[in-house]
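Residue numbers (my numbering), protein chains in the order written: chain A, 40 to 150; chain B, 3 to 114. C-beta: ideal position from N, C-alpha, C; glycine also. All figures in this text were calculated on a predicted structure; none of them were measured in a lab.
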Amino acid sequence: LAKTTQPISMDSYEGQEVNITCSHNNIATNDYITWYQQFPSQGPRFIIQGYKTKVTNEVASLFIPADRKSSTLSLPRVSLSDTAVYYCLVGYGGATNKLIFGTGTLLAVQP
Amino acid sequence: NAGVTQTPKFQVLKTGQSMTLQCAQDMNHEYMSWYRQDPGMGLRLIHYSVGAGITDQGEVPNGYNVSRSTTEDFPLRLLSAAPSQTSVYFCASTRGVGYEQYFGPGTRLTVT
Numbered sequence: 040l041a042k043t044t045q046p047i048s049m050d051s052y053e054g055q056e057v058n059i060t061c062s063h064n065n066i067a068t069n070d071y072i073t074w075y076q077q078f079p080s081q082g083p084r085f086i087i088q089g090y091k092t093k094v095t096n097e098v099a100s101l102f103i104p105a106d107r108k109s110s111t112l113s114l115p116r117v118s119l120s121d122t123a124v125y126y127c128l129v130g131y132g133g134a135t136n137k138l139i140f141g142t143g144t145l146l147a148v149q150p
Numbered sequence: 003n004a005g006v007t008q009t010p011k012f013q014v015l016k017t018g019q020s021m022t023l024q025c026a027q028d029m030n031h032e033y034m035s036w037y038r039q040d041p042g043m044g045l046r047l048i049h050y051s052v053g054a055g056i057t058d059q060g061e062v063p064n065g066y067n068v069s070r071s072t073t074e075d076f077p078l079r080l081l082s083a084a085p086s087q088t089s090v091y092f093c094a095s096t097r098g099v100g101y102e103q104y105f106g107p108g109t110r111l112t113v114t
């Protein structure tokens, strides 16, 4: 099973762009890369998912290089409400839906 | 559309007691999963199901049982609670592989 490595914590200020990088050296051909956000006392919430190159939605962008051994979640112009734990997941594209969560990155946004 | 619901929100058990954590979803998702979350360890997969009548073990299945008699419900049973099972438990559902998972609000369980 592919494991992920991400920084334990990051600090930022309101209005800045934040990039959180995740490494997944043994990613398999069928694996997707997914990012979730979790606030205290809540379940994780889906942010974005990709397979290769770049994916963008209304809240974030996901950059995946050609070798797919890492990925970067980009949050444009963060606000205080973006303070949360962010999880990078690498999951099977096969018959099961086993997703392995890492320990996550605590993003602290300051005024 | 309630999404994924879990009951109870909080529970305190004594060692050796049994209980069932309830999980239900109203999105007609085939896939459902149970995770536990412990400080500094992220979420770990306990059991999952790819459809009614089909379940399989995840990363940390010992001490837990599951069954899936309907598409909507996926209960998690603790047959003999142990202090090591003190954790926050999350249920999730998704319509299939490669699609986003929807998580419930969690159940905080304390075993004394």
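### Query
Can you tell me whether A4(B) is buried or exposed, with buried defined as 16 or more other CB within 10 angstroms of its CB?
As a first step, residue 4(B) is located in the second sequence; it is residue number 2 there, counting from the start. A4(B) is exposed by the Cβ-count criterion.
### Query
Alpha carbon to alpha carbon, how far is L47(B) from G55(B)?
Here residue 47(B) corresponds to residue number 45 of the second sequence, with the count starting at 1. Here residue 55(B) corresponds to residue number 53 of the second sequence, with the count starting at 1. So the alpha carbons of these two residues sit roughly 19 Å apart.
### Query
If you run the structure through DSSP and keep just helix, strand and coil, what is Q87(B)?
Within the second sequence, residue 87(B) is the residue found at index 85, counting from 1. Three-state result, Q87(B): helix.
### Message
Tell me whether the stretch 97-112 of chain B and the stretch 15-31 of chain B touch, counting them as touching only if at least three CB pairs, one residue from each stretch, are closer than 8 Å.
### Response
Yes, the stretch 97-112 of chain B touches the stretch 15-31 of chain B.
### Query
Which whole-angstrom value describes the C-beta separation of C25(B) and P77(B), a residue pair presumed to lie in contact below a C-beta threshold of 8 Å?
By one-based count along the second sequence, residue 25(B) stands at place 23. By one-based count along the second sequence, residue 77(B) stands at place 75. About 6 Å; that satisfies the 8 Å criterion.
### Query
Under the rule that 16 or more other beta-carbon atoms within 10 Å means buried, what is V3(A), buried or exposed?
Nothing about residue 3(A) can be read from this structure; chain A reaches only from 40 to 150.
### Query
Going along the stretch 37-58 of chain B in order, which residues come within less than 9 Å of chain A, judged by CB to CB distance?
From the stretch 37-58 of chain B, only Y37, Q39, G42, M43, G44, L45, R46, L47, Y50, V52, D58 have a Cβ closer than 9 Å to chain A.
### Task
Spatial neighbours of T111(A) within its chain, please: CB distance less than 6 Å, with the 5 preceding and 5 following residues excluded, ordered by chain position.
One-based indexing of the first sequence puts residue 111(A) at position 72. Answer for T111(A): N58, T60, F102, listed in chain order.
### Query
Does the stretch 50-57 of chain A come within contact of the stretch 73-83 of chain A, defined as at least 3 CB pairs closer than 8 Å?
These segments do not touch.
### Query
If we count the other Cβ atoms within 10 Å of its Cβ and call it buried at 16 or more, is V99(B) buried or exposed?
Stepping through the second sequence from its first residue, residue 99(B) is reached at position 97. Around the beta carbon of V99(B), 16 or more other beta carbons sit within 10 angstroms, so the residue counts as buried.
### Message
Which residue marks the beginning of the beta strand (DSSP E) containing R84(A), and which one marks its end?
### Response
By 1-based counting over the first sequence, the position of residue 84(A) is 45. Run containing R84(A): 84-89, per the beta strand (DSSP E) assignment.
### Query
Where do the N-terminal and C-terminal ends of the beta strand (DSSP E) with Q76(A) fall, by residue?
Residue mapping note: residue 76(A) aligns to position 37 of the first sequence, counting from 1. From DSSP, the beta strand (DSSP E) with Q76(A) extends over 71-77.
### Query
From which residue to which residue does the beta strand (DSSP E) around M21(B) run?
Counting from 1 along the second sequence, the entry for residue 21(B) is found at position 19. Annotation: the continuous beta strand (DSSP E) that includes M21(B) extends over 21-27.
### Query
Beta-carbon of W101(A) versus every beta-carbon of chain B: anything under 9 Å?
One-based indexing of the first sequence puts residue 101(A) at position 62. Sequence check: residue 101(A) is Leu here, not Trp. It does not: the Cβ of L101(A) has no partner Cβ on chain B nearer than 9 Å.
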